[in-house]
Each structure stands twice: as C-alpha cells, then as structure tokens.
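Undergrad: By our numbering, the letter at position 17 of the sequence shown is numbered 18, and the numbering carries on one by one without gaps.
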Amino acid sequence: MSYESIDEMQKVLAEDVFKHTTDRKKAAGRALGTLVELITYYLIREWNLSRYLTIEWRLPEFGNSEITHNVEFALHPLIHSGVHTLKLSRLPLTSPKINNIPEIKELLNDFTPISSTQILTSNNLQRNRALIGRNHANGNLAIIDLLDFSTFEDFDTINSLYNFKAELELSVITPNPFALFECKRVGVEEGAKKGPTTIEKAKQGAYVAKHVSCLQKIRSADGKLFGILPTPNGGFEYELYDVALDKMIYEATPERLKNFILTIGIVSNHGNWFTSDNPNKELLVLKQSYDWLLFLTDHGLTKFIKDLILNPIAQNNAVRQAFLASYDSPRGSGSRNQLTKVKLLRDAHLIISSYLSSNLDEIENEWFNVIAPPKKDIHHLKEHLSLLTQKKLPL
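Below, the structure is given as structure tokens:
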C-alpha cells in the first residue's frame with residue numbers, strides 16, 4: 002500500500018494499532034514523535050558521534066544556571082573512551098557488574114557509582130547511553146554503550162563459568178555539551194487546520210535554542226541578525242550571525258568555545274509546519290532560533306515506518322513486534338514500552354542500526370531538507386560537528 006503523506010500513515014496507525022485508545026489519532030501522533038527521535042538518535046550514531054552523546058540531558062541556560070531545560074540529545078567533550086569486555090553467568094547486565102570490571106573500577110576511582118541500572122534486562126531490553134557514574138567534584142559523567150552481546154558456544158561444558166560475553170564502550174565526558182539536538186513534531190486534529198500545541202512547541206524549542214549558548218542572537222532595526230559574544234573582560238563582540246557562527250566553528254580557540262553550544266532542531270510535520278511555497282509562522286520561529294534546522298520529510302518518515310513497522314521483511318520483524326508490544330494493547334494491560342530512544346528491544350536496536358547504515362546515503366540526501374542556515378546541506382552540519390569533537394575544550 003502506498004501513502005501520499007504522513008497524514009495517511011497516521012490514519013493507518015490510528016485504525017490498526019491504536020483503536021483501543023480514546024483518541025486514536027493523537028496516540029498515533031505521539032508514536033510518530035517517538036519514531037522521529039529514534040531516527041535522530043541512530044543518525045547521530047551513524048555519524049560516529051555516539052561516544053559524545055547523552056540522552057535527555059538537563060542543560061542550564063547560559064549565565065543563568067537556576068533555569069535548566071531537558072534536551073533530547075547532547076554532545077559533550079570526550080575525556081576518555083575505551084572498549085571493555087565483561088563475562089556474565091546470567092542476565093541482567095547491570096551497572097554494578099560493569100563498575101566491578103577491574104580496569105573500569107580503576108578508571109572511575111573518583112566517581113560515585115549510579116545505583117543499579119539495567120543495561121540489558123533478562124527480557125532483552127537494552128538501555129542506550131546508560132549513566133553508570135558521576136564525579137561530583139567536576140561533574141564528569143561515565144556512560145556505557147553496549148556494543149556487542151553474545152552467547153558462549155561452550156557455556157554448558159564443565160569448565161565454563163559464563164554463559165554470556167558483553168563488549169562495552171565506556172565514555173567519560175564533561176557535563177557541558179558543545180551541541181544539542183531537539184525533535185519537534187505536532188499533529189492536526191480532525192477538522193482542524195492547525196494543531197493546538199503547534200505554536201507552543203515552536204516557542205518552547207525557540208526559547209531553549211536561544212538561551213543555552215554563549216553566542217547569542219540579536220536583531221538590528223533593519224532586521225539583520227547579529228551574533229553577540231561576551232568577552233572575558235565583561236564586554237561584548239558582535240558581527241553578522243552567520244559570520245560569527247563560522248568563526249566559532251572554524252577559528253575560535255578552545256577557551257572561547259567553553260560555553261558555546263551548536264543548536265540543531267529536527268522538525269517533522271503533516272501539513273501544519275511547512276509548505277514548500279510558504280513556511281508557516283511556527284517554522285519561521287524555529288528557523289530564526291536554531292543554528293541548524295532540519296526538516297524530516299514525509300518521504301523519509303513514511304519509508305522508515307513502511308520498511309520497519311508496517312511492511313517489514315522477515316529479518317526486520319523485531320522492530321514491528323517491539324512497536325506493537327509497546328502500543329497495541331490497552332493501558333494497564335502490563336505491556337512495556339520496547340521502542341524508545343532510551344530503552345528498546347535489543348534485536349530492534351540492531352535492526353535499526355543496520356537499516357540506517359545500509360541506507361545512509363539516501364537518508365542524508367533525500368530524507369532531510371535543510372531549512373537553516375541558508376545555502377548549506379547536511380554534509381556541512383556533519384563537518385561542523387566533526388570539527389567541534391576535535392577541539393580540546395577546557396574543563
């Protein structure tokens with residue numbers, strides 16, 4: 002079956018998956034928002050940025066730490082990264098077991114361990130980017146990614162003590178990120194031209210984007226956008242924003258980048274955020290607030306849903322099963338969410354990773370439109386992020 006737009010896709014999901022809910026279309030819309038977050042998360046991974054990544058990080062405003070904002074994804078300066086192996090007799094794989102690996106225990110000697118977190122449950126649910134420790138003296142974070150998990154072929158022999166082997170990547174990162182990603186998506190109720198929360202979500206995203214970085218935006222009387230940067234002596238420097246942004250990325254010293262955060266928004270819609278001829282008010286609000294604004298097209302989102310949820314080939318069926326287990330049951334029935342950016346079925350994680358890797362060229366070139374900055378494409382964004390990862394930012 003073909004779908005002309007994400008509207009049609011949402012209606013199909015509403016009728017086939019969310020028929021037990023009070024508001025089928027709204028429930029389907031929330032699920033679509035989760036899928037936008039998943040696409041964003043696995044795209045970040047494909048760009049080899051997962052070592053720097055936190056999920057749902059609470060970020061203070063620049064110069065006003067009393068106010069913090071929860072951002073979906075943030076990239077942080079990396080202090081240490083290494084791969085470690087742990088043998089297990091049984092699941093779950095937990096943070097205390099990882100913290101007891103001798104080399105990790107030594108590396109995290111000054112860290113306070115996080116109380117037991119399950120990185121892989123006995124039901125094969127994986128936690129992405131799990132925090133296992135924090136250094137309260139400097140705020141540094143210790144985060145684990147599960148790279149590989151396998152069963153020993155000889156686990157039942159008399160000489161074997163272990164059934165499983167986990168390959169883990171430990172990242173030690175600073176608490177102050179150099180980039181953030183936020184996903185914004187709203188729906189349109191039946192009979193309405195605009196979703197009731199559209200402008201509120203746009204304003205929320207715009208506020209965060211404009212208040213977390215030391216490079217701030219201000220307009221002149223004739224409408225030109227300038228970047229204003231506080232200096233160590235209490236003064237300010239300013240110039241046209243696109244010039245100021247390029248200087249931060251390509252020329253700024255690590256010391257000047259200490260409180261700089263590149264802000265990236267990912268937006269998706271079905272008719273109420275964007276039209277090709279006339280961007281709506283909400284999109285314009287976000288366009289002038291984020292450093293980068295990417296639009297996930299109907300084509301990209303519907304293809305992801307068709308290929309992995311509605312009509313998957315047999316080897317990709319675990320994603321569909323995780324989606325249905327999460328949503329295709331009445332509330333209170335005991336089902337657990339198995340498909341989010343934080344926690345998902347291990348098999349679904351592997352399939353989505355493989356899917357994005359296999360289709361990366363198409364995803365980068367056909368799934369996303371760059372709304373801002375002008376005359377840039379997604380490869381320029383990758384370049385910006387790569388350059389920032391190479392900066393030795395001050396602690």
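Think of the CB as a built atom: it goes at the ideal place given N, C-alpha and C, for glycine as much as any other residue.
These numbers were taken from a predicted model, which means no experiment stands behind them.
So, with DSSP's three-state summary, where would you put residue 19?
TA: On the sequence shown, position 18 is the one that residue 19 refers to. If DSSP states are grouped into helix, strand and coil, residue 19 belongs with coil.
Undergrad: Flag this pair as touching only if the region 341-361 and the region 280-299 have three or more C-beta atom pairs under 8 angstroms; answer yes or no.
TA: no
Undergrad: Starting from the C-beta of residue 89, find all residues in its chain whose C-beta is less than 8 angstroms away, skip the five residues before and the five after it, and write them out in chain order.
TA: Taking the first residue of the sequence shown as 1, we reach residue 89 at position 88. Taken in chain order, the residues that qualify are 98, 163, 164, 165, 166 and 167.
Undergrad: Note down the Cα distance separating residue 303 from residue 108, rounded to an integer number of angstroms.
TA: Residue mapping note: residue 303 aligns to position 302 of the sequence shown, counting from 1. Residue mapping note: residue 108 aligns to position 107 of the sequence shown, counting from 1. Rounded to whole angstroms, residue 303 to residue 108 spans 44 angstroms at the Cα level.
Undergrad: Assuming residue 186 and residue 37 form a contact by the criterion Cβ under 8 angstroms, report the distance between their Cβ atoms to the nearest whole angstrom.
TA: Numbered from 1 along the sequence shown, position 185 holds the residue referred to as residue 186. Numbered from 1 along the sequence shown, position 36 holds the residue referred to as residue 37. About 5 angstroms separates the two Cβ atoms, so the contact holds.
Undergrad: What residues match up with residue 343 in a beta bridge as DSSP calls it?
TA: The residue given as residue 343 occupies position 342 in the sequence shown. DSSP output for residue 343 lists no bridge partner at all.
Undergrad: Using a Cβ-Cβ cutoff of less than 7 angstroms, which residues in the same chain neighbour residue 383 once the five nearest sequence positions on both sides are dropped?
TA: Here residue 383 corresponds to residue number 382 of the sequence shown, with the count starting at 1. Around residue 383: 48.
Undergrad: Can you tell me whether DSSP reads residue 305 as helix, strand or coil?
TA: Start at 1 with the first residue of the sequence shown, and residue 305 comes out as number 304. Note: residue 305 maps to helix in three-state DSSP.
Undergrad: Inspect the CB distances between the region 363-375 and the region 294-310 and report whether three or more fall short of 8 angstroms.
TA: With a cut-off of 8 angstroms, the region 294-310 and the region 363-375 count as touching, because enough Cβ pairs lie within range.
Undergrad: With residue 102 and residue 85 assumed to form a contact (beta carbons below 8 angstroms), what rounded beta-carbon distance in angstroms separates them?
TA: As a working mapping, residue 102 is identified with position 101 in the sequence shown. As a working mapping, residue 85 is identified with position 84 in the sequence shown. So it is a contact: roughly 6 angstroms between Cβ atoms.
Undergrad: Please go through the region 72-129 and give each complete beta strand (DSSP E) segment of 3 or more residues, from N-terminal end onward.
TA: 79-89, 119-121 and 126-128
Undergrad: On a CA-only basis, which of 70, 61, 41 and 77 is nearest residue 388? Give me that one, please.
TA: Within the sequence shown, residue 388 is the residue found at index 387, counting from 1. For residue 388, the nearest C-alpha among the options comes from 77.
Undergrad: If we count Cβ pairs, one from each stretch, closer than 8 angstroms, do we get three or more for the region 112-119 versus the region 209-218?
TA: no
Undergrad: Considering only their Cβ atoms, is the gap separating residue 174 from residue 148 smaller than 8 angstroms?
TA: Within the sequence shown, residue 148 is the residue found at index 147, counting from 1. Within the sequence shown, residue 174 is the residue found at index 173, counting from 1. Not in contact: residue 148 and residue 174 (Cβ atoms no closer than 8 angstroms).
Undergrad: Expressed to the nearest angstrom, what Euclidean distance is found between the alpha-carbon atoms of residue 74 and residue 342?
TA: Numbered from 1 along the sequence shown, position 73 holds the residue referred to as residue 74. Numbered from 1 along the sequence shown, position 341 holds the residue referred to as residue 342. When rounded, the distance between both Cα atoms is 10 angstroms.
Undergrad: Among 32, 239 and 348, which has the Cα closest to the Cα of residue 151?
TA: Residue numbering aside, residue 151 sits at position 150 when the sequence shown is read from its first letter. Nearest C-alpha to residue 151: 348.
Undergrad: Taking the alpha carbon of residue 129 as the point to measure from, which residue in 315, 344, 267 and 140 has its own alpha carbon closest?
TA: As a first step, residue 129 is located in the sequence shown; it is residue number 128 there, counting from the start. Of the listed residues, the one whose Cα sits closest to residue 129 is 344.
Undergrad: Looking at the secondary structure, which residues open and close the beta strand (DSSP E) in which residue 152 lies?
TA: Here residue 152 refers to the residue found at position 151 when the sequence shown is read from its first residue. Its beta strand (DSSP E) spans residues 142-152.
Undergrad: Would you mind listing the alpha helix (DSSP H) stretches within the region 166-249 that are 4+ residues and don't spill past its ends, in chain order?
TA: If one requires a minimum length of 4 residues, the alpha helix (DSSP H) runs lying completely within the region 166-249 are 199-212, in chain order.
Undergrad: What does DSSP give as the partner residue(s) for residue 70 in the beta ladder?
TA: Along the sequence shown, read from residue 1 onward, the residue named residue 70 stands at position 69. The partner list for residue 70 (beta bridge, DSSP) reads 60.
Undergrad: Helix, strand or coil, according to DSSP, for residue 40 in the structure here?
TA: As a first step, residue 40 is located in the sequence shown; it is residue number 39 there, counting from the start. Helix.
Undergrad: Decide if the region 241-248 is in contact with the region 40-59; the criterion is three or more beta carbon pairs, one per stretch, under 8 angstroms apart.
TA: no
Undergrad: Let me check understanding here. Comparing Cα to Cα, which of 19, 31 and 43 lies closest to residue 350?
TA: For this step, residue 350 is matched to residue 349 along the sequence shown. When only C-alpha atoms are compared, the closest one is 43.
Undergrad: Straight-line CA distance for residue 123 to residue 95?
TA: Along the sequence shown, one-based indexing puts residue 123 at 122. Along the sequence shown, one-based indexing puts residue 95 at 94. When rounded, the separation of the alpha-carbon atoms in residue 123 and residue 95 is 11 angstroms.
Undergrad: Contact defined as beta carbons within less than 8 angstroms: I believe residue 63 pairs with residue 172. What is the distance between those atoms, to the nearest angstrom?
TA: Start at 1 with the first residue of the sequence shown, and residue 63 comes out as number 62. Start at 1 with the first residue of the sequence shown, and residue 172 comes out as number 171. Residue 63 to residue 172, Cβ: 24 angstroms. No contact.
Undergrad: Kindly list the residues whose CB is nearer than 6 angstroms to the CB of residue 72, restricted to its own chain and excluding five residues on each side of it in sequence; keep chain order.
TA: For the purposes of this step, residue 72 is taken as residue 71 along the sequence shown, with counting starting at 1. Cβ within range, chain order: 58, 60, 181 and 183.
Undergrad: What are the boundary residues of the alpha helix (DSSP H) that includes residue 321?
TA: As a position in the sequence shown, residue 321 is number 320, starting the count at 1. Element bounds for residue 321: 318-328.
Undergrad: Residue 79 and residue 52 - do their beta-carbons sit closer together than 8 angstroms?
TA: Counted from its first residue, the sequence shown places residue 52 at position 51. Counted from its first residue, the sequence shown places residue 79 at position 78. Against a cut-off of 8 angstroms, the Cβ pair of residue 79 and residue 52 comes out as a contact.
Undergrad: Does DSSP put residue 65 in a helix, in a strand, or in coil?
TA: In the sequence shown, residue 65 corresponds to position 64, counting from 1. Three-state DSSP puts residue 65 in a strand.
Undergrad: Residues in its own chain within less than 8 angstroms of residue 239 by CB, not counting five upstream and five downstream?
TA: On the sequence shown, residue 239 is found 238 positions in, with the first residue counted as 1. 219, 227, 228, 229, 230 and 245.
Undergrad: In the DSSP assignment, find the alpha helix (DSSP H) that holds residue 390 and state where it starts and stops.
TA: Start at 1 with the first residue of the sequence shown, and residue 390 comes out as number 389. It spans 379-390 - the alpha helix (DSSP H) in which residue 390 sits, taken as one unbroken run.
Undergrad: So, at 6 angstroms on beta carbons, what are the nonlocal neighbours of residue 83 in its own chain, with the 5 sequence-adjacent residues on each side left out?
TA: The sequence position of residue 83 within the sequence shown is 82, counting from 1. Excluding sequence neighbours, residue 83 sits near 171.
Undergrad: Consider the C-beta atom of residue 62 and the heavy atoms of the ligand ADP; say whether any pair is separated by less than 7 angstroms.
TA: Of the ligands one can find in the structure shown there are none, so the ligand ADP has no counterpart to examine.
Undergrad: Looking at residue 293: is its Cβ nearer than 8 angstroms to the Cβ of residue 374?
TA: Taking the sequence shown and counting its residues from 1, the one referred to as residue 293 is at position 292. Taking the sequence shown and counting its residues from 1, the one referred to as residue 374 is at position 373. The answer is yes: Cβ separation under 8 angstroms.
Undergrad: Output needed for residue 50: all residues of its chain with C-beta closer than 8 angstroms, excluding positions within five of it in sequence on either side, in chain order.
TA: Looking up residue 50 in the sequence shown gives position 49. Around residue 50: 76, 386 and 390.
Undergrad: Given that a residue counts as buried once 16 or more other Cβ atoms are within 10 Å of its Cβ, and exposed if not, what is residue 41?
TA: If you number the sequence shown from 1, residue 41 lands on position 40. The C-beta of residue 41 has 16 or more other C-beta atoms within 10 Å across all chains shown, which makes the residue buried.
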